[in-house]
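Residue numbers (this note's numbering): 1 to 533.
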């Protein structure tokens, strides 16, 4: 029997998405999720709350020059509704709010568009947002933005965020003043008279359930009767701020589930997004996936819903970047680039041979100082870990200028390297040798090497610094492109590579380097010969 297609019902104050598995009701034109009907439960969201306090995007902002991390809370109520895609396989909706000068000081100076997507046969829905600040608009600070879902407290009692971090949770009523004692800060309370005696004497604090971005892929809640899971899945970290080790909130007593795109938690003012009055900015956050699951066997173990949620998370990660978002601001896979290579550590105090950077963290983030990825909050970041031989691959990167950042567990210092990413087909590959541990401590961040390579043929470039003797090897595959065609390639190596002593190109290639300027040459077939300088 064919599955039901996706249906859209537009009402005066609500729109309803229905694919036969679940129904999602969204306020019109506010763009706030007011109800999710699934598996016989008329609404998974907190029915005791006002409609505007159930499922929403929010942010905290402040005027430029404001001190501290507190600001104006904005639940981002949209003013315009539009159907972007409507067919049996997919419905995509847009809820937007435009800014104009008459609103200065009243709402955050951003154009904000929230989108919701439902697909055929999908047990859930997707949401993403596009934030834009035009150059001529006023300066401001942005402290936090996220997606929040508040679930029914009479249904969802078991929370899971990792195999070793899951449990039955206290009720929100247990945090009321007459049942708890506030500790050092309002979020932390001692449960003195909880409704369930098993929680007496516990401390409840939402920060106990924070998680590093790199590990924050899926978390949520389980209802036992009927067995239903509500999960927030984030398939990529590219839109999150401050790199893979930034900690953010996940789920906590409420029951509440969050998808935090940016926050100043654990860092303070250093992570506030501060926009100047002459600064244009645009960024896509998401899509994230809200996944619902249930047990087909009435006698099954509800905790198996966590295992299923993890499996769905792996599917979503594999499918990234998604092909179905209709916004032109979200690039498809063929519009993105890739970086791959190998990282070696030269540390003569440990080993005379080059040491593969086993487990190195390798990432692309906007240009900055060494380690600046930890405070980078406006652009995109892309991270992976090197294998035991130091090889790494970073795929599906937004085009643009980046630094390649790296650090190796057990070795001092961070590494930085300039990279230019172009659309699919341009793959930059190199072998990088660290300095020794002692010299790395002295020169960390002073290697400013920039390369841009073309596709379709094979050559190898080795660069040796006369003053240190260290070798930089750049390896790329140029494949099937015919020889003799005019192509431009450049290498700019500065600071501790102060002089290039030797450049050798094997198979095909050219000699390039003037200390004063960049040179352009033609690649020619050299029949196995090499050129040197």
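C-beta atoms are modelled at their ideal positions from N, C-alpha and C, and glycine is treated no differently.
- prompt: Just the Cα atoms here: how many angstroms apart are residue 587 and residue 355?
  reply: Limits of the chain in this structure are 1 at one end and 533 at the other, which puts residue 587 out of reach.
task: Use the C-beta contact count for residue 40: other C-beta atoms within 10 angstroms, 16 or more gives buried, fewer gives exposed.
output: Position 40 of the chain shown, counted from the start, is the residue given in the question as residue 40. Counting other Cβ atoms within 10 Å of its Cβ, residue 40 stays below 16 and is therefore classed as exposed.
- prompt: If you draw a straight line from the alpha carbon of residue 283 to that of residue 329, how long is it in whole angstroms?
  reply: Indexing the chain shown from 1 puts residue 283 at position 283. Indexing the chain shown from 1 puts residue 329 at position 329. So the two alpha carbons sit approximately 8 Å from each other.
Between the CA atoms of residue 21 and residue 268 - distance to the nearest angstrom: Counted from its first residue, the chain shown places residue 268 at position 268. Counted from its first residue, the chain shown places residue 21 at position 21. Straight-line Cα distance between these residues: approximately 42 Å.
task: Jot down the residue ranges of each uninterrupted beta strand (DSSP E) in the region 65-146, minimum 3 residues, whole runs only, in chain order.
output: 72-74, 80-86, 90-97, 111-119 and 124-133
message: Buried or exposed, going by whether 16 or more other CB atoms sit within 10 Å of the CB of residue 245?
response: Counting from 1 along the chain shown, the entry for residue 245 is found at position 245. By the 10 Å Cβ count, residue 245 comes out exposed.
task: Could you check what DSSP says for residue 169 in three-state terms: helix, strand or coil?
output: Start at 1 with the first residue of the chain shown, and residue 169 comes out as number 169. The three-state secondary structure of residue 169, taken from DSSP, is coil.
- request: Let me know if residue 35 comes out buried or exposed under the rule of 16 or more other beta-carbons within 10 Å of its beta-carbon.
  value: Start at 1 with the first residue of the chain shown, and residue 35 comes out as number 35. Label assigned to residue 35: buried.
query: Is DSSP giving residue 407 helix, strand or coil here?
result: Start at 1 with the first residue of the chain shown, and residue 407 comes out as number 407. Three-state result, residue 407: strand.
- request: Taking only runs that begin and end inside the region 237-278, name each unbroken beta strand (DSSP E) of 3 or more residues, in chain order.
  value: 256-262 and 273-275
task: Just tell me which of 50, 64, 58 and 124 has its CA closest to the CA of residue 291.
output: Against the chain shown, residue 291 aligns to sequence position 291. It is 124 whose Cα lies nearest to the Cα of residue 291.
field: Cutoff 8 Å; reference residue 49; Cβ partners in own chain excluding five residues on either side
entry: As a first step, residue 49 is located in the chain shown; it is residue number 49 there, counting from the start. If we look at residue 49 and ignore the five residues flanking it on each side, its Cβ neighbours are 150.
query: Should residue 311 be labelled buried (16 or more other beta-carbon atoms within 10 Å of its own) or exposed?
result: Residue mapping note: residue 311 aligns to position 311 of the chain shown, counting from 1. That one is exposed.
message: Strictly by DSSP, which residues pair up with residue 363?
response: If you number the chain shown from 1, residue 363 lands on position 363. Bridge partners of residue 363: 383 and 405.
message: With DSSP as the reference, identify every bridge partner of residue 281, one or two as the case may be.
response: On the chain shown, residue 281 is found 281 positions in, with the first residue counted as 1. Residue 281 pairs with 133.
Closest Cα partner of residue 316 within the set 233, 286 and 370: As a first step, residue 316 is located in the chain shown; it is residue number 316 there, counting from the start. Of 233, 286 and 370, the residue nearest in Cα terms is 233.
message: In whole angstroms, give me the CA-to-CA distance for residue 387 and residue 357.
response: What you label residue 387 is simply residue 387 of the chain shown in a count that begins at 1. What you label residue 357 is simply residue 357 of the chain shown in a count that begins at 1. C-alpha separation (whole angstroms): 8 Å.
- request: Work out the CA separation of residue 29 and residue 112 for me, nearest whole Å.
  value: In the chain shown, counting from the first residue as 1, residue 112 sits at position 112. In the chain shown, counting from the first residue as 1, residue 29 sits at position 29. Approximately 13 Å between the Cα atoms of the pair.
message: Taking the straight line between their C-alpha atoms, what separation do you get for residue 404 and residue 340?
response: To locate residue 404, count along the chain shown from 1; it is residue 404. To locate residue 340, count along the chain shown from 1; it is residue 340. C-alpha separation (whole angstroms): 11 Å.
- prompt: What are the boundary residues of the alpha helix (DSSP H) that includes residue 315?
  reply: Reading the chain shown from its first residue, position 315 is the one you call residue 315. For residue 315, the enclosing alpha helix (DSSP H) has its first and last residue at 304-318.
task: For residue 195, count neighbouring Cβ atoms within 10 angstroms of its own Cβ and tell me buried if that reaches 16, exposed if not.
output: Position 195 of the chain shown, counted from the first residue, corresponds to residue 195. Per the 10 Å Cβ criterion, exposed.
message: Rounded to the nearest angstrom, what separates residue 7 and residue 93 at their Cα positions?
response: Counting from 1 along the chain shown, the entry for residue 7 is found at position 7. Counting from 1 along the chain shown, the entry for residue 93 is found at position 93. Cα to Cα, the separation comes out at about 12 Å.
task: Go ahead and label residue 314 buried or exposed: buried means 16 or more other beta carbons lie within 10 angstroms of its beta carbon, across all protein chains shown.
output: Position 314 of the chain shown, counted from the first residue, corresponds to residue 314. Classification of residue 314: exposed, given that the 10 Å Cβ count is below 16.
field: Cut-off 6 Å between Cβ atoms - residues of its own chain near residue 306, not counting five sequence neighbours on either side
entry: Counted from its first residue, the chain shown places residue 306 at position 306. Correct list, in chain order: 160.
- prompt: Is it buried or exposed for residue 3, if we count other Cβ within 10 angstroms and need 16 for buried?
  reply: If you number the chain shown from 1, residue 3 lands on position 3. Exposed, by the Cβ-count rule.
message: Please tell me whether residue 146 and residue 251 are closer than 9 Å, where the distance is taken between their beta carbons.
response: If you number the chain shown from 1, residue 146 lands on position 146. If you number the chain shown from 1, residue 251 lands on position 251. The answer is no: Cβ separation not under 9 Å.
message: So for residue 162, helix, strand or coil by DSSP?
response: Position 162 of the chain shown holds residue 162. Residue 162 falls in the strand class under three-state DSSP.
query: Quick one, are the C-beta atoms of residue 380 and residue 279 less than 9 Å apart?
result: Taking the first residue of the chain shown as position 1, residue 380 is located at position 380. Taking the first residue of the chain shown as position 1, residue 279 is located at position 279. Contact flag unset, no.
field: Contacting residues, own chain, Cβ-Cβ under 6 Å from residue 24 (five flanking each side not counted)
entry: One-based indexing of the chain shown puts residue 24 at position 24. Taken in chain order, the residues that qualify are 17, 36 and 125.
- prompt: According to the Cβ coordinates, are residue 141 and residue 78 closer than 9 Å?
  reply: For this step, residue 141 is matched to residue 141 along the chain shown. For this step, residue 78 is matched to residue 78 along the chain shown. Cβ atoms of residue 141 and residue 78: not closer than 9 Å.
field: Three-state class that DSSP yields for residue 324 in the structure shown
entry: In the chain shown, residue 324 corresponds to position 324, counting from 1. DSSP places residue 324 in the coil class of the three-state scheme, outside both helix and strand.
Own chain partners of residue 414 with C-beta closer than 6 Å, once the 5 adjacent residues on each side are dropped: Taking the chain shown and counting its residues from 1, the one referred to as residue 414 is at position 414. 370, 371 and 407.
- request: Could you tell me the distance, in whole angstroms, from the CA atom of residue 132 to the CA atom of residue 236?
  value: The residue given as residue 132 occupies position 132 in the chain shown. The residue given as residue 236 occupies position 236 in the chain shown. The straight-line gap from Cα to Cα measures roughly 21 Å.
message: Would residue 139 and residue 274 qualify as a contact pair, given that the criterion is a beta-carbon distance under 9 Å?
response: As a position in the chain shown, residue 139 is number 139, starting the count at 1. As a position in the chain shown, residue 274 is number 274, starting the count at 1. Yes.
message: Could you tell me the alpha carbon to alpha carbon distance between residue 392 and residue 231, rounded to whole angstroms?
response: Residue 392 sits at position 392 when you count from the first residue of the chain shown. Residue 231 sits at position 231 when you count from the first residue of the chain shown. Rounded to whole angstroms, residue 392 to residue 231 spans 30 Å at the Cα level.
9 Å Cβ cutoff met for residue 240 and residue 253: The residue you call residue 240 lines up with position 240 of the chain shown. The residue you call residue 253 lines up with position 253 of the chain shown. No.
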